[in-house]
Amino acid sequence: MTAPTIDCVIVGGGVTGLWTRWALSHAGYDVLLVERDALGAVQTTASQGILHRGVKYALSPAAAEAGRILEAARRAWQLALRGESGPDLRSVERTATCMHLWTRPGLMGALTGTAASLAMKSGVRRIEADEARPVAFTSAPRGVSLWEVEEEALVPSSLVRTLAAQPGGPIRKGEVHAATPRHGGGVTLSIRFAEGEKQVDARTVIMAAGEGNESLVQAFSDARLMQRRPLHMVVGRGAPCDVSGHCLNELSDKPRLTVTTLRGPDGVRCWSLGGDLAESGVDRSHDEQIKAARRVLNECLGWLDLAAMQLGTIRVNRAEGLSPGGKRPDSFVLRELGDALVIWPTKMALAPVLAEAVVERVRARVLMGGSLSLKGSTTDECPIASDLPWWGGVRWS
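Converting from the sequence shown to our numbering requires adding 1293 to each position, the first position being numbered 1.
Written out as structure tokens, the structure reads:
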């Protein structure tokens, strides 16, 4: 039996894979997306859902290019969230319509240069001392400076669900266990579906599987193309109020603390705590990281009563394209491997510009004309990952 020929097979159903599915389908290509587990599992649902616009990169001249790329991506997000262009994301739930930047008490003098940089950025407004402040900052000491930033934070599962519902090729739950480049062009994939194994001939393969890319690329290259940058995130259960933003760090361009607010399965208000706390906490044990989190919370939000808030930790790897010295890439990473593309967004916010870059590469190599015959439900067969898939395994302190 002849294997079905498909223009593009996308492996991986996170935000980047799903947006790329929409972009390629919208450009007229025959597309199949294959996800091994649940859509949005692992990195997407572990993210804080922030649509960074590059404001914090104003604090680091070396990262100016990253800020420009994020600003371009932000425009694509805005159009999609308004339903004006791109995938229609009007129904996506938000955890915050804006973010805040704030200083720790008494440290504004050490952040004079930062303040000047922020004042020059569009979409950033300083909240003066005599203005109404968000609930979390109404009792903050006078030495705490506060800015409002035009950055939104989305509910990851809602975003994934909305992207999966967009018009496009089928989404199938399956596992790619072999990929063989074909003489004359294209790739033959062996995919295990629920009904059995199928051979699928693809004109091009787009690997968007995060950490899963590491094993997939071995069929095309012996080179090391991926790096992992681990995080030791902290989540707080029973938070006193909503907080969405970054506490500035006078010693680094990385925020001392990044906080977003979400609801647990039981409806209780929770905080997701990232930033330098999560990066520097990689070598700490669970108990050590909890102690560090209490200390950082006291430094950054010490005017709030946090005595009743329980803390837990989760570990997650950020899978990225290999960068010199293992540092965070300034942008997304796209590598061409014959008739395959391997992609890492670096940040969720870069998904739109990465998807467009994929379309440009595919246009240069693939003539349309697939014979897609694999059908599948985007929701019944391939479930959406929950917002907090790790919730049941958290040890609260």
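Note that CB positions come from ideal geometry on N, CA and C, so glycine has one too. These numbers were taken from a predicted model, which means no experiment stands behind them.
One thing to note: L1518 has its Cβ within 8 Å of the Cβ of L1615. Around the beta carbon of T1431, a 10 Å sphere encloses fewer than 16 other beta carbons of the protein chains shown; the residue is thus reported as exposed.
Taking 8 Å as the upper bound for CB-CB distance, A1389 and S1537 are in contact here, some 4 Å apart. DSSP lists V1528 and T1553 as the beta-bridge partner residues of S1565.
E1488 and T1554 have their C-alpha atoms spaced approximately 41 Å apart. In the three-state reduction of the DSSP assignment, R1383 falls in the coil class, being assigned neither a helical nor a strand state. Beta-bridge partners of A1446 (DSSP): I1343 and A1389.
Proximity to C1675 across G1379, L1439, P1463 and E1504 peaks at P1463, based on C-alpha coordinates. In this model, G1574 and A1425 are separated by some 35 Å (Cα to Cα). Within a 10 Å sphere around the beta-carbon of S1624 sit 16 or more other beta-carbons, which makes this residue buried. Beta-bridge partners of V1302 (DSSP): L1325 and V1498. The residue from G1479, L1452 and D1515 with its alpha-carbon nearest to that of V1655 is G1479. Cβ-Cβ distances below 8 Å link D1598 to P1533 in the same chain, with the five nearest sequence neighbours on each side left out; the list follows chain order. For Q1582, same chain residues with a beta-carbon under 7 Å away, outside a window of 5 residues either side, are H1525, V1527, G1574 and T1606 in chain order. Taking every protein chain shown into account, the CB of T1639 has 16 or more other CB atoms within 10 angstroms, so this residue is buried. Contact between G1333 and S1514 fails: their C-beta atoms lie close to 27 Å from each other, not under 8 Å. W1312: member of the alpha helix (DSSP H) spanning V1308 to H1319, first to last residue. For I1677, there is no enclosing alpha helix (DSSP H), since its DSSP letter is neither H nor E. By the CB criterion at 8 Å, P1523 and R1608 fall inside the cutoff. Within its own chain, the residues whose Cβ lies closer than 6 Å to the Cβ of A1471, once the five positions on either side in sequence are excluded, are S1483, listed in chain order.
Excluding five sequence positions before and after E1572, none of the CB atoms of its chain fall closer than 6 Å to its own CB. For P1474, the enclosing beta strand (DSSP E) has its first and last residue at I1464 to P1474. Taking Q1603 as the centre and dropping the five residues before and after it, the same chain places the C-beta of G1529, R1530, G1531, W1689 and S1690 closer than 8 Å to its C-beta, in chain order.
Residue environment for N1591: exposed (fewer than 16 other C-beta atoms within 10 angstroms of its C-beta). Contact between E1507 and R1329 does not hold, since the beta-carbon distance rounds to 14 Å and is not under 8 Å. Counting C-beta atoms within 10 angstroms of its own C-beta, E1445 has 16 or more neighbours from the protein chains shown and is therefore classed as buried. Straight across, the Cα-Cα distance linking A1316 with R1397 is about 43 Å. According to the DSSP assignment, L1482 belongs to no alpha helix (DSSP H) but to the beta strand (DSSP E) extending over V1480 to F1486.
Taking C1563 as reference, the option from L1630, V1651 and D1680 with the minimal CA-CA separation is D1680. Within its own chain, the residues whose Cβ lies closer than 6 Å to the Cβ of R1496, once the five positions on either side in sequence are excluded, are D1300, G1479 and V1659, listed in chain order. When C-alpha distances from V1453 are compared across W1312, L1647, S1545 and V1428, the shortest belongs to W1312. Excluding residues up to 5 positions away in sequence, L1627 lie with their Cβ nearer than 6 Å to the Cβ of A1650 in the same chain. Within the same chain, Cβ atoms closer than 7 Å to the Cβ of V1652 are found at A1316, L1317 and A1320, the five residues on either side in sequence being excluded. Taking a 10 Å sphere around the C-beta of Q1511, we find fewer than 16 other C-beta atoms and assign the residue as exposed.
Here V1308 really is in contact with A1644; their C-beta atoms are around 5 Å apart, less than 8 Å.
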